[in-house]
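Contents: one structure, followed by commentary.
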Amino acid sequence: MSDHLIEFKEIAASNQWGAILPEIALGVLALTLLVLEIFLPKNRHVLIPRVAIIGQLVVLVWFLAFFRAGGGYIGQETFGGMLFHDGVGQVMRVFFLVSSLLVCHLATISLAGKQVPKVEFFHIALVVTAALMLLAQSNHFVLFFISLETVTVGFFVLVCYLRYQAIALEAGLKYLVLAALSSAVMLFGIALLYGIAGNPLLEGSSSDSMNFGALNAFLKNHPESNIAIIGMILVIAGVAFKIAAFPFQIWVPDVYQGASTPVTAFLAVASKAAGFAVLLTLVLKVFQPMETILVPLLSLLAILTILYGNIAALTQRNTKRLMGLSGIAHAGYLLVGVIASLYVPWAMGAVVFYLVTYLLGSFAVFGVMAHLSPEDGTGDELEDYLDLAKNRPFLGGVLVVGLGSLAGIPPLAGFIGKLLIFIAAFQAGLYWLLAVSVFGVVLSIYYYFGWIKAAVFQYWQVSPEEAARSREWPEISSISRLILGTLAAATVVLGFFQGPLSDWLGRL
Amino acid sequence: MAEISESLLQLSVFVPIIFGGILLLFGTSANVFARKLAFVGFLFPALVSLWLWFAFSPDPETGYAFLTEVPTGLGIVGISLKLGLNGISLPLFVLAGVAGFAAGFYALVSPAERLRQYLALLLFMHGGLMGIFASVDVFFFYFFHEIALIPTFLMIGIWGGRERHYAAMKMTIYLSLGALLSLVGLIALYVQSGATSFDIISLKNALEGQSIGSVAQRHTFALLLFGFGILVSLWPFHTWAALGYGAAPTSAAMLHAGVLKKFGLYGLIQIGAPLLPEGAASWMYLLALLALGNVIVIGFVTVAQRDLKQMIGFSSVMHMGYCFLGLACLSAVGVGGAVILMFAHGLTVALLFLLGNCIYQRTGTFDMREMGGLARKAPVLAAFFVTAMLASIGLPGPGLANFWGELTVFIGLWQYREWMVVPAVFGVVISAVYGLRAAGNIFFGEETDEFRKASKGKTIHDILWFERTPALVLLALLILVGLWPRSLTDGINETVAPMYGGGDVAIEAADATPGSAEGAASYGFAERLPTCCAPPGTEVRTAIKMDNHSHE
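Taken in order, these protein sequences are the chains called A and B.
For the first sequence, our numbering begins at 5 and goes up steadily by one.
For the second sequence, our numbering begins at 420 and goes up steadily by one.
Next up, the structure:
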């Protein structure tokens with residue numbers, strides 16, 4: 005008994021609350037929103053989203069100014085080995101904060117004038133963000149699973165937030181069933197790994213076998229263990245659901261289409277990026293001894309994911325489904341980067357760089373989409389983008405930059421991301437993966453440029469068809485202009501000059 | 420002094436791009452300001468390119484002049500913005516500057532709607548073109564190509580003629596495929612060479628130490644050859660070209676056909692063939708056959724065209740065949756000829772697209788069957804067009820640069836495979852057929868009824884000042900190099916001879932004067948080109964006689 009007490013004492017002593025101050029701040033902010041809803045008079049409730057956004061902005065600025073080096077905890081385990089703080093984790097924290105900020109801004113556009121409670125959306129988004137930040141730094145399967153489930157449960161609510169729409173409910177149900185299935189699969193994999201690595205009869209076993217370090221030490225001794233291999237495959241399958249890799253991508257088009265635009269953006273960017281942050285940790289720090297099985301497995305996933313995503317997107321006319329399916333293809337390229345990082349250390353930085361460019365490009369596109377589809381479920385077809393550049397040249401320009409970056413066209417940031425992954429893949433000798441990626445990029449030009457074509461190419465004279473489809477074009481607020489303009493400008497600047505970001509990533 | 424030239428080189432790339440950005444972001448609807456700004460943006464690189472041509476004196480160690488390096492943050496994979504010029508890139512840099520000015524000047528007065536955006540895209544394209552040929556870093560070479568390519572897509576799609584949507588999509592997908600193949604080839608080259616930097620000089624140094632294995636060379640060169648080949652419309656990957664040019668607005672067609680298309684050839688000449696000699700040697704026979712396909716098959720296709728713009732487009736595809744043939748020789752003579760021909764052809768085809776649009780402005784149609792007798796109303800335009808056509812055919816008559824290019828290519832080809840000279844020269848006959856017939860159809864003979872109908876109520880002006888200025892600029896450079904080829908060939912010699920080692924003659928000469936690369940160069944190549952404007956006929960005879968001599 006007393007032994008356990010001493011152990012608890014030691015663990016408690018390692019509870020460095022200072023290390024997770026940003027997450028705590030987000031949690032407090034989320035609760036503050038609920039408190040404000042109770043105490044503010046009804047006509048002041050419009051302030052709450054602003055509080056959410058300004059609060060996050062403060063956290064972000066504070067983080068970049070004082071916490072960029074992880075508050076002095078870099079390279080340390082905290083909370084009894086639950087968390088491990090490294091450079092990638094810090095970049096990902098900023099990444100999730102920025103995406104959450106952008107999602108909140110899009111939500112103020114999309115939710116405006118809808119008969120749904122507003123405050124809860126921001127509350128859940130903040131909680132999900134904090135969980136994502138913890139997920140990216142988790143070093144133990146317990147915390148890993150709990151934060152993953154916090155994210156997933158949050159998304160259940162967000163996906164069917166517009167609950168009066170049948171399409172949103174359908175999307176929510178699909179996401180719920182499939183996410184639950186994938187969680188179950190992953191949990192079973194974790195249990196298998198825990199069981200085998202915790203078996204005291206085996207060499208290298210550990211009493212704390214859910215700890216990534218301990219598990220890795222065990223796997224080094226038993227890389228051929230069948231139970232461990234099955235466990236690994238199941239865990240990877242669970243992560244593959246998050247990143248929407250083939251064959252776990254089946255939920256993507258319907259859920260993306262049904263969810264409201266900010267949620268789709270959140271799923272497409274933050275949820276996918278979290279999956280990759282986790283995958284990088286798992287592949288490099290845990291399952292690395294099982295390389296001989298891991299590499300063929302991931303390679304197969306990558307090839308099928310790239311081909312599926314691009315081919316399925318070719319004939320797509322609905323922009324949300326198109327973003328979903330092309331996002332699958334992006335997951336495929338990122339998987340190539342993850343595989344390369346097993347052989348080429350700097351490839352990890354390339355994956356993170358790609359994620360950053362993907363964030364910039366995707367949010368630029370989703371920002372335009374949020375403006376163009378005031379009623380969710382409408383305004384999402386390519387036909388709705390006809391004459392966009394003529395009537396709203398600003399949105400047209402942002403869309404062209406965003407899509408061009410996603411397509412990987414120089415001089416935009418997305419191209420540099422793809423280039424780094426390609427170079428890494430070549431250095432790692434992954435020629436087949438490289439060939440498939442290039443093929444995929446060429447296919448992607450067709451649908452991305454098809455979208456640009458719909459938005460930008462038009463006759464200057466007003467044709468009868470155009471007069472027939474004339475409609476109201478949305479007004480763009482100056483804050484939206486600022487945000488979308490910044491996203492587009494950052495995409496262009498990162499295409500020419502990568503200095504600050506690559507310096508940061510180079511030190512990872 | 421030297422530092423000024425280096426900064427000018429950097430500025431010539433970024434001034435158009437920055438001005439384009441300013442036009443896009445801060446322009447108001449006032450076209451006067453936009454025109455003035457754009458004019459400076461177009462003129463500056465042209466003047467810089469001419470100045471650098473004049474000031475060019477390469478560093479004997481690297482072969483480059485005006486080298487500068489700016490890190491951009493991709494040091495981890497050896498990429499930095501390294502600019503400089505050598506003997507191969509200089510002519511094309513000048514071409515990009517001058518053709519860009521001509522195309523830009525013509526665009527300034529074009530009646531395009533949304534002129535500001537149109538000029539901005541054209542400025543991006545101009546900056547990208549300057550960057551392609553100024554880049555020593557292989558990555559930026561590719562990067563600037565794409566900067567120039569994407570505006571083409573938008574310009575065709577937004578301001579283009581008939582079938583523009585289809586043409587824009589087809590061209591983009593085709594060219595993206597080619598560009599990506601060549602990008603993978605370039606990455607393969609970089610990784611296999613073991614160099615720590617993407618720039619050509621360090622790649623070359625790394626490969627001098629240990630060259631790549633011959634199998635890997637063959638595969639890597641295949642990527643480069645087919646990737647770049649698609650971009651240069653190598654037969655049978657040419658189907659995007661005429662379609663795209665047919666739909667493109669005039670200035671875009673001038674710059675794409677005239678300058679941007681040379682990217683692929685330049686890549687093969689500057690990077691592919693010298694760095695992967697074994698790989699290149701194993702593919703050259705196939706390349707020569709495909710290039711003959713360009714000359715003969717596309718030659719006949721061109722003859723069959725009735726649409727003036729399509730005909731010019733196809734003729735540019737056909738003439739790329741000669742450049743490829745020059746490259747296929749893998750000798751200093753052939754490659755040097757290819758570089759001169761690229762330069763001359765770029766000016767010529769830009770001129771032809773310009774004049775083609777001038778004709779269209781007057782006749783209201785591109786269909787040559789509906790034209791006739793235009794020379795009576797526009798004699799100066801007729802003179803310009805006939806001169807440009809003669810240049811394009813490669814006739815020695817008017818002292819134009821194309822002739823020297825084609826002649827040198829033929830000489831190189833004779834050394835390579837004698838029989839190939841026969842179909843290649845037959846190609847000149849084909850060009851003469853369609854070129855002269857086009858000139859005859861449009862300008863001479865009786866006015867047709869269709870023409871009268873189309874031009875009813877309009878007075879037909881002769882060539883106007885804003886058409887004449889760019890045409891004169893292009894023609895002047897063409898004649899300058901035609902009469903004084905040495906202004907270009909000296910630089911080309913110096914760079915090409917050590918890279919390609921010259922043909923048979925050059926090797927003999929090198930034996931005679933051991934250790935002297937210059938001796939080899941001057942004997943192998945420069946002596947074949949006239950150094951002043953002597954009667955061309957005599958030069959031809961001496962050159963060919965020397966060549967026969969070497970084979971006996």
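Beta carbons: idealized from backbone N, C-alpha and C, even for Gly.
Rounding to the nearest angstrom, what Cα-Cα distance links residue i and residue j in this structure?
i	j	result
glycine 775 of chain B	leucine 793 of chain B	13 Å
isoleucine 620 of chain B	alanine 614 of chain B	10 Å
glycine 732 of chain B	phenylalanine 617 of chain B	34 Å
glutamate 422 of chain B	phenylalanine 433 of chain B	17 Å
glycine 686 of chain B	arginine 325 of chain A	39 Å
glycine 683 of chain B	histidine 657 of chain B	13 Å
tryptophan 659 of chain B	threonine 133 of chain A	48 Å
leucine 302 of chain A	alanine 769 of chain B	50 Å
tyrosine 835 of chain B	valine 752 of chain B	10 Å
alanine 170 of chain A	histidine 144 of chain A	39 Å
glycine 406 of chain A	phenylalanine 357 of chain A	16 Å
glycine 632 of chain B	asparagine 225 of chain A	39 Å
leucine 542 of chain B	threonine 571 of chain B	11 Å
lysine 178 of chain A	proline 45 of chain A	37 Å
glycine 371 of chain A	phenylalanine 829 of chain B	58 Å
serine 412 of chain B	histidine 675 of chain B	Only positions 420 to 971 of chain B appear in this structure, which leaves residue 412 of chain B out of reach.
proline 204 of chain A	asparagine 215 of chain A	16 Å
leucine 4 of chain A	glutamine 141 of chain A	Not covered by the structure: residue 4 of chain A. The range shown for chain A is 5 to 512.
glycine 580 of chain B	glycine 831 of chain B	40 Å
Taking a contact to mean a Cβ-Cβ separation below 7 Å, would you say residue i touches residue j in this structure?
i	j	result
serine 264 of chain A	serine 114 of chain A	yes
leucine 695 of chain B	phenylalanine 743 of chain B	no
aspartate 786 of chain B	arginine 856 of chain B	no
glycine 365 of chain A	alanine 333 of chain A	no
leucine 599 of chain B	valine 340 of chain A	no
threonine 914 of chain B	asparagine 505 of chain B	yes
valine 131 of chain A	glycine 158 of chain A	yes
tyrosine 525 of chain B	alanine 531 of chain B	no
alanine 661 of chain B	glutamine 611 of chain B	no
phenylalanine 500 of chain A	proline 415 of chain A	yes
isoleucine 425 of chain A	tyrosine 347 of chain A	no
alanine 820 of chain B	valine 758 of chain B	no
Could you tell me if residue i is buried or exposed, where buried requires 16 or more neighbouring beta carbons within 10 angstroms of its beta carbon?
i	result
threonine 319 of chain A	exposed
tryptophan 66 of chain A	exposed
cysteine 951 of chain B	Reliability of the predicted coordinates at cysteine 951 of chain B is poor, the pLDDT of 38 falling under 50, and no value is obtained from them.
tyrosine 741 of chain B	buried
alanine 16 of chain A	exposed
histidine 880 of chain B	exposed
glutamate 971 of chain B	In this prediction, glutamate 971 of chain B has a pLDDT of 31, which is less than 50 and means its spatial position is unreliable; nothing more can be read from the coordinates.
serine 476 of chain B	exposed
tyrosine 435 of chain A	exposed
glutamate 825 of chain B	buried
serine 211 of chain A	exposed
Assuming residue i and residue j form a contact by the criterion Cβ under 8 Å, report the distance between their Cβ atoms to the nearest whole angstrom.
i	j	result
leucine 33 of chain A	alanine 69 of chain A	So it is not a contact: roughly 18 Å between Cβ atoms.
Would you say the beta carbon of residue i is closer than 6 Å to some non-hydrogen atom of the ligand ATP?
i	result
glycine 482 of chain B	Judged by which ligands are present, the structure shown has none, so any question about the ligand ATP falls away.
* Asked: Between the region 372–402 of chain A and chain B, which residues of the former have CB atoms less than 7 Å from a CB of the latter, in chain order?
  -> none
* Asked: Which residues, in chain order, does the region 580–600 of chain B contribute to contact with chain A at a C-beta distance below 8 Å?
  -> Against chain A - using a Cβ distance shorter than 8 Å - the residues of the region 580–600 of chain B are Arg583, His584, Ala587, Met588, Thr591, Ile592, Ser595, Leu596, Leu599, Leu600.
* Asked: Can you list, in chain order, the residues of the region 507–526 of chain B whose Cβ is nearer than 8 Å to any Cβ on chain A?
  -> Flagged: no residues at all.
* Members of the region 625–642 of chain B near chain A, C-beta cut-off 8 Å -> none
* Asked: Using Cβ-Cβ distances below 7 Å, what residues of the region 477–502 of chain B are close to chain A?
  -> Thr491, Gly492, Leu493, Ile495, Val496
* **Proximal residues, the region 486–511 of chain A versus chain B, C-beta separation under 8 Å** => Result list: Phe500, Phe501, Gln502, Gly503, Pro504, Leu505, Ser506, Asp507, Gly510.
* To do: Residues of the region 607–621 of chain B with a CB closer than 8 Å to any CB of chain A: list them in chain order, please.
  => Ala607, Tyr609, Val610
* To do: For the region 405–434 of chain A, enumerate the residues whose C-beta is nearer than 8 Å to any C-beta of chain B, in chain order.
  => Of all residues in the region 405–434 of chain A, only Gly408, Ile413, Pro414, Pro415, Phe419, Ile420, Leu423, Leu424, Phe426, Ile427, Phe430, Gln431 come within less than 8 Å of chain B when Cβ atoms are compared, listed by chain position.
* For the region 448–462 of chain A, which residues have a CB atom closer than 9 Å to at least one CB atom of chain B, in sequence order? -> Ile449, Tyr450, Phe453, Gly454, Ile456, Lys457, Val460, Phe461, Gln462
* What residues in the region 272–292 of chain A bring their beta carbon closer than 8 Å to a beta carbon of chain B? -> none
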